[in-house]
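Protein chains: 2
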Amino acid sequence: MTDISAIETIRLLAHAVKKRLALQLEVEALGLVPMQVRLMKIIHRRSPCTALDIASFMQRDKAQITRLISGLLEQGLIEKHPNPKDKRSHFLLLTPEGDRIQESLSKLIGQAEQSMLEGIAKKDMQSFFTVTQKMLKNLEKDQ
Amino acid sequence: MTDISAIETIRLLAHAVKKRLALQLEVEALGLVPMQVRLMKIIHRRSPCTALDIASFMQRDKAQITRLISGLLEQGLIEKHPNPKDKRSHFLLLTPEGDRIQESLSKLIGQAEQSMLEGIAKKDMQSFFTVTQKMLKNLEKDQ
DNA sequence: TTTTAAAGGTTGACACTATCAACTATATTG
DNA sequence: CAATATAGTTGATAGTGTCAACCTTTAAAA
Numbered sequence: 034m035t036d037i038s039a040i041e042t043i044r045l046l047a048h049a050v051k052k053r054l055a056l057q058l059e060v061e062a063l064g065l066v067p068m069q070v071r072l073m074k075i076i077h078r079r080s081p082c083t084a085l086d087i088a089s090f091m092q093r094d095k096a097q098i099t100r101l102i103s104g105l106l107e108q109g110l111i112e113k114h115p116n117p118k119d120k121r122s123h124f125l126l127l128t129p130e131g132d133r134i135q136e137s138l139s140k141l142i143g144q145a146e147q148s149m150l151e152g153i154a155k156k157d158m159q160s161f162f163t164v165t166q167k168m169l170k171n172l173e174k175d176q
Numbered sequence: 034m035t036d037i038s039a040i041e042t043i044r045l046l047a048h049a050v051k052k053r054l055a056l057q058l059e060v061e062a063l064g065l066v067p068m069q070v071r072l073m074k075i076i077h078r079r080s081p082c083t084a085l086d087i088a089s090f091m092q093r094d095k096a097q098i099t100r101l102i103s104g105l106l107e108q109g110l111i112e113k114h115p116n117p118k119d120k121r122s123h124f125l126l127l128t129p130e131g132d133r134i135q136e137s138l139s140k141l142i143g144q145a146e147q148s149m150l151e152g153i154a155k156k157d158m159q160s161f162f163t164v165t166q167k168m169l170k171n172l173e174k175d176q
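In order, the protein sequences belong to chains A and B. Heads up, the first sequence is in this note's numbering, so the first residue is 34 and it goes up one at a time. Heads up, the second sequence is in this note's numbering, so the first residue is 34 and it goes up one at a time.
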């Protein structure tokens, strides 16, 4: 079927990415689900980082993020630190073990990304990011 | 958080699209789930169309597609016709009611897509399709 | 200063999405 | 003709996702 819409293209691409990375994660057998890996990346990159920050960035329900965080806490991959400015909230940080796993998975995901981008010119990727940021902005406005 | 990866961009975009369309679908109150709407579009566009065709196009498990099809059959939106060449298989077609709903939803989704693409130059969209097709091809090769 | 409203996070409940395995009937291959 | 593969179905289960209600804390309003 040729000539599919932008929306359908985005869906197919996202699903292909998801399957590709789920396969890899299964191979690593770390007992993590894909969403947890994403959280670890966010916690790694952003400091300080709260559940609300994550929910906001990923545009997900707080309930879902709370559950994913619980799982990571149980596995000793992250820890909670009190937020000095707000007793309700806590800062999330990777433990040494969490950091090690995050690094390792990041390498693998980076490789998968490189593979996905093979043969695509840098300027085309720049255009891709410009376009997708605009799409996101438009979708945000629609809400 | 700036400078996110292509993979994370794709995920965020797909989720934003999903939420946007799920909201709209809820407003229409048709008793359909988002995946069923996608199936109806595929059945509308492709003739003949089998469960396998859909599973293949969407890269999903046959079991999932079978269940989605069941739901659409129950709601009288599609019907099965025997495949003269293969007794195991059947051709799927929209009923008049299904066609009407498909047309109606297509208009709405088209509008949502137009809204999402507002302010994006035609040549940039062409580049977007070129890039995403290449990404899909690369991901396929990886499997 | 007190009252009211909102917010950060949690828990219960439930729906949607998704895959794997095993199965039956049919088609294909050797 | 026998063996193998396939189209679709069903059972089972996991992952994703949201809504509502709640508690404690913070912020805003009176």
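Backbone N, C-alpha and C define an ideal beta-carbon position, used for all residues, glycine too.
Closer than 8 angstroms, Cβ to any Cβ of chain B: which residues of the segment 147-164 of chain A, in chain order? Listed in sequence order: S148, M149, L150, E151, G152, I153, D157, M158, S160, F161, F162, T163, V164.
Count the other C-beta atoms from every protein chain shown that fall within 10 angstroms of the C-beta of B/V66, then say buried if there are 16 or more, exposed otherwise. Here residue 66 of chain B refers to the residue found at position 33 when the second sequence is read from its first residue. With fewer than 16 Cβ atoms within 10 Å of its Cβ, B/V66 is classed as exposed.
Between the CA atoms of A/L54 and A/E61 - distance to the nearest angstrom: Here residue 61 of chain A corresponds to residue number 28 of the first sequence, with the count starting at 1. Here residue 54 of chain A corresponds to residue number 21 of the first sequence, with the count starting at 1. Near 11 angstroms, if we compare the C-alpha coordinates of A/L54 and A/E61.
Of all the residues that make up the segment 38-64 of chain A, which are near chain B by a beta-carbon distance shorter than 9 angstroms? Cβ contacts with chain B: S38, A39, I40, E41, T42, I43, R44, L45, L46, A47, H48, A49, V50, K51, K52, R53, L54, L56.
Assuming contact is defined by CB atoms lying nearer than 8 angstroms, are B/K74 and B/A84 in contact in what I supplied? Indexing the second sequence from 1 puts residue 74 of chain B at position 41. Indexing the second sequence from 1 puts residue 84 of chain B at position 51. Result no, Cβ atoms of B/K74 and B/A84 do not sit closer than 8 angstroms.
Just to confirm the assignment: which complete alpha helix (DSSP H) runs, minimum length 4, are found wholly within the segment 54-119 of chain A? The segment 54-119 of chain A contains, as complete alpha helix (DSSP H) runs of 4+ residues, the segments 67-78, 84-91, 95-107 (chain order).
Span of the beta strand (DSSP E) around B/L141: Residue numbering aside, residue 141 of chain B sits at position 108 when the second sequence is read from its first letter. It is not in any beta strand (DSSP E) - B/L141 instead sits in the alpha helix (DSSP H) that spans 129-149.
Looking at the unbroken alpha helix (DSSP H) that takes in B/D175, where does it start and where does it end? Start at 1 with the first residue of the second sequence, and residue 175 of chain B comes out as number 142. DSSP places B/D175 in the uninterrupted alpha helix (DSSP H) bounded by 155-175.
Are the Cβ atoms of A/A47 and B/R93 separated by less than 8 angstroms? Translated into positions along the first sequence, residue 47 of chain A becomes position 14. Translated into positions along the second sequence, residue 93 of chain B becomes position 60. One thing to note: A/A47 has its Cβ no nearer than 8 angstroms to the Cβ of B/R93.
I'd like to know whether the C-beta of B/K167 is nearer than 8 angstroms to at least one C-beta of chain A. Working through the second sequence from its first residue, we reach residue 167 of chain B at position 134. Yes, B/K167 lies at the interface with chain A (some Cβ there is under 8 angstroms from its Cβ).
For a cutoff of 8 angstroms on Cβ pairs, would you count B/D175 as touching chain A? Within the second sequence, numbered from 1, the residue matching residue 175 of chain B stands at position 142. By this cut-off, B/D175 is an interface position.
Measure the C-alpha to C-alpha separation of A/L138 and A/T99 and round it to an integer number of angstroms. To locate residue 138 of chain A, count along the first sequence from 1; it is residue 105. To locate residue 99 of chain A, count along the first sequence from 1; it is residue 66. For A/L138 and A/T99, the distance between alpha carbons rounds to 22 angstroms.
By DSSP's criteria, B/H123 is part of a beta bridge. Which residues make up the other side? In the second sequence, counting from the first residue as 1, residue 123 of chain B sits at position 90. B/H123 has B/P115 as its beta-bridge partners, per DSSP.
Looking at the C-beta of A/Q69, does it have a partner C-beta in chain B at a distance below 8 angstroms? Indexing the first sequence from 1 puts residue 69 of chain A at position 36. By this cut-off, A/Q69 is not an interface position.
Inspect the beta-carbon positions of B/Q69 and B/L101 and report whether they are closer than 8 angstroms. Here residue 69 of chain B refers to the residue found at position 36 of the second sequence. Here residue 101 of chain B refers to the residue found at position 68 of the second sequence. Taking 8 angstroms as the Cβ cut-off, B/Q69 and B/L101 qualify as a contacting pair.
For B/L141 and B/I40, the rounded distance between their alpha carbons: Within the second sequence, numbered from 1, the residue matching residue 40 of chain B stands at position 7. Within the second sequence, numbered from 1, the residue matching residue 141 of chain B stands at position 108. For B/I40 and B/L141, the distance between alpha carbons rounds to 28 angstroms.
Measure the alpha-carbon distance for A/K156 versus B/R133 and round it to whole angstroms. Looking up residue 156 of chain A in the first sequence gives position 123. Looking up residue 133 of chain B in the second sequence gives position 100. Approximately 43 angstroms, taken between the alpha carbons.
Distance, Cα to Cα, B/Q159 vs A/L126? Taking the first residue of the second sequence as position 1, residue 159 of chain B is located at position 126. Taking the first residue of the first sequence as position 1, residue 126 of chain A is located at position 93. Straight-line Cα distance between these residues: approximately 41 angstroms.
Buried or exposed: A/A154, going by 16 or more other Cβ atoms within 10 Å of its Cβ? Indexing the first sequence from 1 puts residue 154 of chain A at position 121. The residue in question, A/A154, is exposed, as its Cβ has fewer than 16 Cβ neighbours within 10 Å.
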